[in-house]
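Residue -10 is where the first sequence starts when you use our numbering, and the numbers rise one by one after that.
Notes follow once the structure below has been shown.
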Amino acid sequence: MSLLSDLSDRFGDAFETAGVERAAGLVLPSQRPELAQFQCNGALGAGKRTGRNPRELGQEVLASIGDRWMFASLEIAGPGFINIVVTDDCLADYAQAMADDERFAIAQPEHRWKVMVDYGGPNMSKSMHVGHLRASIIGESLKRLFRVAGHDVSGDIHMGDWGMPIGQLIIELERRQPDLPYFDESFTGPYPGESPVTLDDLSEMYPVVVERCRENPDEAERARQATFDLQNGRAGYLALWRHYRDVSVAEQKKDFADLGVEFDLWRGESTVHDRLAPLVERLAADGGLAEESDGAIVVYVDRPDDKKEMPPLLLTRSDGSYLYSTTDLATLEQRVEEGYDLMLYVVDARQGLHFEQVFRVARLSGIADDSVGLEHTAFGTVNGPDGKPFKTRKGGILRLADLMEIVTDAARERLEEAAIAQDYPPEERERIARQVGLGALKFGDLSNHRTSNYIFDLDRFTSFEGKTGPYLQYGAVRMKSILRRASELGLEPGPIMAPTVGQERDLILRLLRLPEVIERAVDVRAPNVLAEYAFEIATDFNRFYEACHILREEDPVRQASWLSLVDVTLRTLTLLLDILGIEIPDRM
RNA sequence: GCCCCAGUAGCUCAGGGGAUAGAGCGCCGGCCUCCGGAGCCGGGAGCGCAGGUUCGAUUCCUGCCUGGGGCACCA
């Protein structure tokens, strides 16, 4: 059990004894650290509700508090705050328990969810750019967070590989190379094993054909037809589609591997193709939800109490081809059948209406009953300095691979300035540069709240001082360095003693909050909660480090205790950075 | 027009109905023969506006202003 939950239990008991609901006993870290370590505000609200004087109620609660050994002081302050300071021995006990526990006192969840995190979502045939950064690292972080919290989690990339863009790329290639066998309906022989295009070709073709379809309705119609034919199994198009998919996936695998993002499932819209027709048929059957409208099949999802206009969800176009609404619904159905009971769609906030529509159809049709959690875990847009979606100076997009190279270059430069790194082998320097560059990039992104738009600032991702990823990595490296040198000197970590120095006490107090921080991050599905907390740990450690010279300490018992404290701090920070997807070098 | 999200320090951002709203950057000044100075310590300034709920509102509600986004055959 964590210190905070134990304290809340003690106070819950005491409030119950005083005739008040035990929820009033909730204990939180104090907002006024100079007054107390913890506070309980329950007497204020409960006093109001029961018509009792909050200060008197507080006194009554304090009178029946159990386990007095834990407390150094308990006071009523102001209108009825209960200020709590625990003893240093109590802190030492809890710190030791945390150090001895593989789960760091993180509680197992009451309900172990089978969670599907749907994130990344790159479209086929396009190189990944900065816009994919958030989807990828927020999703990866949430996946790891839920795992640490004790849930059963899978991550699915859910590639966009079955919609209109493919039809567009088919007609674009046909325009350029009409003689390829993929376009010859009479062709029977095996299609070439080599792809006629590279991913670079596709990336160049895509905006061209999109523009043409926008200007010319006939071209748009042809793209729709090609999409329809592909979805209905035209052999040449399918063969071509496989080439497109293969060249796309090859590069995406590399990009995601470089980024440290690992999917359990590499599915896509096309994965559920066989489910689409039966699904639509079932929904359109007599008495079903779906109906025809202007040739298309739609489901009306508006409700009488809707405050806003709620358009119907389109299941098919008027030509019978499918849209991403259809594949999303079919994918949702597949996931329910596979037993997932919580689905997190880590997707740009701008798709909010789409998910609301899909979720409504899932509920109305009974595809997902109320026991299944469906959430659009939305995130904000990455904007340029002008407040518009980010573009490079030339107006183009910045490829993710190029961005990773830029931050790695900056980290390498910084490393070359560092005297300490002069004799590192080149391979290690390269590895450190990559870890530090990515650390800056990921922390810079994840420390923003998930839902807020933020301004993309390259300087921020290439600066390594202050509240940055490298600051946290550096703190961890210092810890590793101390433990390494202690080991060389034959010094062993020992039992954690009661803290005697302010900075030491502050560090322990910070560490003991871990279980509640994890809980809160899970509740709000927000990695920035962890980023903030990890920064506070690193800061508290750096202060402790300045105040207490561990390797020079003359009292061997205290020194051994400090080594244990460094060890548990390092393990805690490592856990947090791992959830954020940030690696820690051995030295930097 | 309707709906969603946001407006906090010069800039970029945190902030869980509670007491005196926090960081980082930038600017100024300091850090002992000391475990790694990508560090530590000190210094100024702020909750868009108007109401409401509450003992108490940056936080919840309403309206307005400003910015971003969405609104059936794209994803």
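All residues carry an ideal CB built from backbone N, CA and C; glycine is no exception.
- request: Indicate the three-state DSSP secondary structure (helix, strand or coil) for Val361 in the structure shown.
  value: coil
message: As a quick exercise: from Ala224, Thr315, Thr260, pick the residue whose alpha carbon is nearest that of Leu587.
response: Residue coverage of the chain in this structure runs from -10 to 577, which leaves residue 587 outside it and unanswerable.
When Leu333, Pro488, Tyr460, Gln241 are compared against Thr76, the one with the closest alpha-carbon: Pro488
- request: Taking the CB atoms as reference points, tell me whether Met332 and Asp107 lie closer together than 8 Å.
  value: yes
query: Do the segment 503 to 517 and the segment 26 to 40 touch if we need at least three Cβ pairs shorter than 8 Å?
result: no
- request: Look at the Cβ atom of Gln368, then the Cβ atom of Thr440, and state whether they are nearer than 8 Å.
  value: For clarity, residue 368 is Phe in the given sequence; the question names Gln instead. Contact: yes.
- request: Go through the segment 179 to 206 residue by residue and report every complete run of the alpha helix (DSSP H) that reaches 4 residues or more, in order.
  value: 188 to 204
query: Straight-line CA distance for Arg509 to Pro18?
result: 14 Å
Gln28 vs Ile95 beta-carbon contact at 8 Å: no
- request: Could you spell out where the alpha helix (DSSP H) holding Gly34 opens and where it closes?
  value: 31 to 39
- request: Quick one: residues in its chain with C-beta nearer than 6 Å to the C-beta of Thr6, no 5 flanking neighbours on either side, listed in chain order?
  value: Ser53
Residues bridged to Lys103 (per DSSP): Asp141
- prompt: Is it the case that the Cβ atoms of Leu447 and Ser354 are separated by a distance below 8 Å?
  reply: no
- request: Ignore the nearest five residues each way along the sequence and tell me which others in Asn42's own chain have a CB closer than 7 Å to its CB.
  value: Gly36
- prompt: Is Ala25 helix, strand or coil when you go by DSSP?
  reply: coil
task: Enumerate, from N- to C-terminal direction, the unbroken beta strand (DSSP E) stretches of 3 or more residues contained entirely within the segment 361 to 445.
output: 362 to 365
query: Secondary structure at Thr457, three-state DSSP: helix, strand or coil?
result: coil
message: Can you tell me whether His118 is helix, strand or coil according to DSSP?
response: strand
- request: Assign Val197 to one of two classes, buried (16 or more other C-beta atoms within 10 Å of its C-beta) or exposed (fewer than that).
  value: exposed
- request: Tell me whether Ala215 sits in a helix, a strand or coil according to DSSP, three-state version.
  value: helix
Spatially closest choice to Asn221 from Asp141, Tyr311, Ile160, Pro181, by CA coordinates: Tyr311
message: Which of the three DSSP states is assigned to Phe93 in this structure?
response: coil
Span separating the alpha-carbon of Ala408 from that of Tyr463: 15 Å
- prompt: Taking the alpha carbon of Ile421 as the point to measure from, which residue in Gly47, Pro574, Asp141 has its own alpha carbon closest?
  reply: Pro574
message: Looking at the secondary structure, which residues open and close the beta strand (DSSP E) in which Tyr334 lies?
response: 331 to 334
query: Nearest CA to the CA of Pro154: which residue from Gln323, Ser259, Asp283, Tyr443?
result: Ser259
query: What are the partner residues of Thr73, as DSSP defines its beta bridges?
result: Residue 73 is actually Ile in this sequence, not Thr. Answer is Phe27, Leu63, bridged to Ile73.
task: Decide if His100 is buried, meaning its Cβ has at least 16 other Cβ atoms within 10 Å, or exposed.
output: exposed
query: Should Asn205 be labelled buried (16 or more other beta-carbon atoms within 10 Å of its own) or exposed?
result: exposed
query: Under the three-state reduction of DSSP, which class applies to Ile568: helix, strand or coil?
result: helix
Ala81 - DSSP class collapsed to helix/strand/coil: helix
- prompt: Taking the alpha-carbon positions, what's the Gly284 to Leu304 distance?
  reply: 11 Å
task: Could you tell me if Ser175 is buried or exposed, where buried requires 16 or more neighbouring beta carbons within 10 angstroms of its beta carbon?
output: exposed
task: Assuming Gly149 contacts Phe217 (C-beta within less than 8 Å), just tell me the rounded distance between them.
output: With a Cβ gap of about 17 Å, Gly149 and Phe217 do not count as contacting.
task: In angstroms with no decimal places, state the Cα-to-Cα distance between Leu387 and Val350.
output: 37 Å
- prompt: Which first and last residues belong to the alpha helix (DSSP H) in which Val506 is found?
  reply: 503 to 513
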